[in-house]
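These notes concern the structure reproduced below.
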Ligand SMILES: Nc1nc2c(ncn2[C@@H]2O[C@H](COP(=O)(O)OP(=O)(O)OP(=O)(O)O)[C@@H](O)[C@H]2O)c(=O)[nH]1
Ligand SMILES: [Mg+2]
C-alpha cells in the first residue's frame, strides 16, 4: 500500500488508511464488529462457532479515512480439508495486514483456541492490538483473566475494549484505531463497502439462516452455492443449492411437511432482499455431495480454497 505525505495527495482521496485484519477464536464477535462499523449486515453472524468460512473485506469510509477491514474465520484446530482452507484464509489475512486486531471474548475461559490465536498474533510480525469484546456480558475479573492470558504471548500490545453490537462503542474504538494508521491514498471508491459480489454475500446470508434454524452440527455440514442470479425488472431472482454431506440430513433440512426448508427460504429471502435493497425471490435446491468438507477439489469448486 503506497504511503506518502498528505500534502502531495489529492484532497478527498487520501487520509488515514490501511488494512486491519480481524483475528480471533470462533465466536468472539469479529463479524459482528465488521457489520456494526459498516452499518450494514455484510458478514454472516451467528451464536454458533465457525460461522465465517472465508476472508471478507469490509471497507470503512468516513470524511478523513478509508480502512480496509479483513474478517477471517475463527482460529481452531485443523482436522479436515475445510479447516485447512479456513486456516489458509486466516494466514492470508495476517499476510495482508498493516495492523492485526486480536479479538478476545472474555465470557468464556481462555483455552486452546486462545493459545493458538495468541501464538499466531505473536508470530505474524505485524503490530497487534488486543480488543476485548462483549464487555456488556463479562465481569471485570473475566476481562482481567483473559488479558493476562494473552499478555503471556503479547506482553507489549495496547489493549482496548468494546461492545461490538453497539455503534457508539465501535465508533469510540475506531477513533483510537485511526490515530494508529498511516496516511496514504485511498484504494477504493468512497461508496464501496466490499469487493465481494452480491451473490457471494447472498450465499453467506443463506448460511446464516441455516445456522439460525438448524440444530448442532447440521448447518456446519452444509455448503451453499448461488447458481443463478437474474435481475428482472421488478424482482431479483436467486437460485441456490444447499450441498448436504449425507442423505440422512435431507429429512432434517426439509422438516415435517417441508416446514423447515420453507422457513429457511423465507428468512434467507428476507435477508437477501434487505441487503440488496430489492424485492427478491429465492429458490432453494438440495443436493447430496458426500463428505464435501473433506474434498479439496469440491472446496476449490466452491471457492473456499484457492
Ligand atoms: N452480548 C454481546 N454479544 C455479542 C457481542 N459481539 C458479538 N456478539 C454475539 O456473539 C456471537 C458471535 O458473533 P460473530 O460475529 O458471529 O463471531 P465471529 O468471531 O465472527 O465468529 P466466527 O465467524 O465463528 O469466527 C453472536 O451471537 C453475536 O451476536 C457483544 O459485544 N456483546
Ligand atoms: Mg465471523
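Numbering (this note's numbering), first residue to last: 14 to 319. A virtual CB, placed ideally from N, CA and C, is assigned to each residue, including glycine.
6 angstroms CB neighbourhood of residue 296 in its chain, flanking five on each side removed: In the chain shown, the residue the question calls residue 296 occupies position 283. Close CB contacts of residue 296 within its chain, under the 6 angstroms cut and outside five residues either way in sequence, are with 252 (chain order).
Given residue 242 as reference, the closest of 235, 254, 232 and 236 once Cα atoms are compared: Sequence index remark: in the chain shown, residue 242 carries index 229 (1-based). The residue with the shortest Cα to Cα distance from residue 242 is 254.
Between the CA atoms of residue 197 and residue 19 - distance to the nearest angstrom: In the chain shown, the residue the question calls residue 19 occupies position 6. In the chain shown, the residue the question calls residue 197 occupies position 184. Any reading at residue 19 must be qualified, since the residue scores a pLDDT of 46, below 50, and its modelled position is unreliable; the value itself is stated next. Rounded to the nearest angstrom, the two C-alpha atoms are 7 angstroms apart.
Cβ neighbour criterion (16 or more within 10 Å) applied to residue 248: On the chain shown, position 235 is the one that residue 248 refers to. That one is exposed.
Heavy atom of ligand 2 within 7 angstroms of residue 49 beta-carbon: Translated into positions along the chain shown, residue 49 becomes position 36. False, no ligand heavy atom lies under 7 angstroms from that Cβ.
Local Cβ density within 10 Å of residue 78, reported as buried at 16 or more and exposed below that: Walking along the chain shown from the start, residue 78 turns up at place 65. Looking at its Cβ environment, which holds 16 or more other Cβ atoms inside 10 Å, residue 78 is buried.
Distance cut-off 7 angstroms: residue 41 Cβ against heavy atoms of ligand 1: As a working mapping, residue 41 is identified with position 28 in the chain shown. Answer for residue 41: yes, Cβ within range of ligand 1.
Classification of residue 86 by the beta-carbon crowding that lies within 10 angstroms, buried from 16 upward: Translated into positions along the chain shown, residue 86 becomes position 73. It is buried - the Cβ of residue 86 has at least 16 other Cβ atoms within 10 Å.
Bridge-paired residues (DSSP) for residue 174: Residue 174 sits at position 161 when you count from the first residue of the chain shown. Looking at the DSSP assignment, residue 174 forms a beta bridge with 145.
DSSP three-state assignment for residue 54, whether helix, strand or coil: As a position in the chain shown, residue 54 is number 41, starting the count at 1. If DSSP states are grouped into helix, strand and coil, residue 54 belongs with coil.
Residue 178 beta carbon near ligand 1 (any heavy atom closer than 7 angstroms): Counting from one through the chain shown, the residue named residue 178 turns up at place 165. At least one heavy atom of ligand 1 lies less than 7 angstroms from the C-beta of residue 178.
Sub-8 angstroms separation of residue 36 and residue 120 beta-carbons: For this step, residue 36 is matched to residue 23 along the chain shown. For this step, residue 120 is matched to residue 107 along the chain shown. The beta carbons of residue 36 and residue 120 sit no closer together than 8 angstroms.
Cα-Cα separation, residue 75 to residue 301: Working through the chain shown from its first residue, we reach residue 75 at position 62. Working through the chain shown from its first residue, we reach residue 301 at position 288. Between the alpha carbons of residue 75 and residue 301 lies a distance of about 45 angstroms.
Distance between residue 270 and residue 82 (C-alpha atoms, nearest Å): For the purposes of this step, residue 82 is taken as the residue at position 69 of the chain shown. For the purposes of this step, residue 270 is taken as the residue at position 257 of the chain shown. C-alpha separation (whole angstroms): 43 angstroms.
Three-way DSSP call (helix, strand, coil) for residue 248 in this model: Taking the chain shown and counting its residues from 1, the one referred to as residue 248 is at position 235. Looking at residue 248 - three-state DSSP - the assignment turns out to be coil, as it is neither helix nor strand.
For residue 116: DSSP bridge partner residues: Here residue 116 is taken as the residue at index 103 of the chain shown, counted from 1. Residue 116 is bridged to 144.
Range covered by the alpha helix (DSSP H) that runs through residue 161: Counted from its first residue, the chain shown places residue 161 at position 148. Element bounds for residue 161: 153 to 164.
Touch test, the region 53 to 71 against the region 215 to 230, Cβ-Cβ under 8 angstroms, three pairs minimum: Counting Cβ pairs under 8 angstroms, three or more are found: they touch.
Residues of its chain near residue 44, where Cβ-Cβ distance is below 6 angstroms and the 5 sequence neighbours each way are ignored: Indexing the chain shown from 1 puts residue 44 at position 31. Within the same chain, residue 44 has close Cβ partners 56, 58, 65 and 84.
As assigned by DSSP and simplified to three states, the class of residue 18: Looking up residue 18 in the chain shown gives position 5. Note that residue 18 scores 44 on pLDDT, short of 50, meaning its location in the model is unreliable; the coordinates nonetheless yield the value given after this. Reduced to three states, the DSSP call for residue 18 is coil.
Contact test: residue 84 Cβ vs ligand 2 heavy atom, cutoff 7 angstroms: The residue given as residue 84 occupies position 71 in the chain shown. Because some heavy atom of ligand 2 lies under 7 angstroms away, the Cβ of residue 84 counts as near it: yes.
For residue 243, the three-state DSSP class (helix, strand or coil): In the chain shown, residue 243 corresponds to position 230, counting from 1. Three-state result, residue 243: strand.
Start-end ranges of the beta strand (DSSP E) lying completely within the region 40 to 102, minimum 3 residues: 69 to 75 and 78 to 84
Whole-angstrom distance between residue 195 and residue 231, CA atom to CA atom: Residue 231 sits at position 218 when you count from the first residue of the chain shown. Residue 195 sits at position 182 when you count from the first residue of the chain shown. Spanning the two alpha carbons is a distance of roughly 44 angstroms.
Candidates 28, 49 and 54, of which the one nearest residue 288 by Cα: Counting from one through the chain shown, the residue named residue 288 turns up at place 275. Among 28, 49 and 54, the Cα nearest to that of residue 288 belongs to 54.
Residue 216 Cβ short of 7 angstroms to ligand 2 heavy atom set: As a first step, residue 216 is located in the chain shown; it is residue number 203 there, counting from the start. Outside the cutoff, so no.
Pick from 152, 31 and 127 that is closest to residue 110, judged by C-alpha positions: By 1-based counting over the chain shown, the position of residue 110 is 97. Nearest of 152, 31 and 127 to residue 110, Cα basis: 31.
Reduced DSSP secondary structure (H/G/I, E/B, other) of residue 276: Residue mapping note: residue 276 aligns to position 263 of the chain shown, counting from 1. Correct three-state label for residue 276: helix.
Where the beta strand (DSSP E) containing residue 294 begins and where it ends: Walking along the chain shown from the start, residue 294 turns up at place 281. Residues 293 to 301.
Beta-carbon spacing of residue 116, residue 52 below 8 angstroms: Indexing the chain shown from 1 puts residue 116 at position 103. Indexing the chain shown from 1 puts residue 52 at position 39. Contact: no.
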